[in-house]
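Student: Residue numbers (the numbering used here): 415 to 486.
All residues carry an ideal CB built from backbone N, CA and C; glycine is no exception.
Below is the structure I would like to discuss, written out as structure tokens.
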């Protein structure tokens, strides 16, 4: 069985749409302070050009782990 983890950061845009930025295999353990700082920097610097609009607000973050196994 193989486990994979992503860090999913959630934001709102200036057109009030939710967007997610996923980071594969984040450093363990996930440090909430570092995640908050990174998300604040993304909002402050407006570094992503998205069709949904400019990122203007942090919503939250989640560490998501998935498992997979071969059948047969």
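#1: Which one of 450, 418, 453 and 425 has the shortest CA to CA distance from residue 467?
#2: Does the distance from the C-beta atom of residue 419 to that of residue 461 stay below 9 Å?
#3: How close, in whole Å, do the beta carbons of residue 444 and residue 457 come, if the pair is a contact with beta carbons under 8 Å?
#4: Alpha carbons only, please: which of 435, 484, 485 and 476 is nearest the one belonging to residue 463?
#5: Based on the DSSP output, what are the partners of residue 462 in its beta bridges?
Tutor: In terms of the structure at hand:
#1: Position 53 of the chain shown, counted from the first residue, corresponds to residue 467. Comparing Cα positions, the closest option is 425.
#2: Within the chain shown, numbered from 1, the residue matching residue 419 stands at position 5. Within the chain shown, numbered from 1, the residue matching residue 461 stands at position 47. Contact flag unset, no.
#3: The residue labelled residue 444 in the question sits at position 30 within the chain shown. The residue labelled residue 457 in the question sits at position 43 within the chain shown. Contact flag wrong, Cβ pair sits at about 19 Å.
#4: Position 49 of the chain shown, counting from 1, holds the residue named residue 463. It is 435 whose Cα lies nearest to the Cα of residue 463.
#5: In the chain shown, the residue the question calls residue 462 occupies position 48. Residue pairing for residue 462: DSSP places it in no beta bridge.
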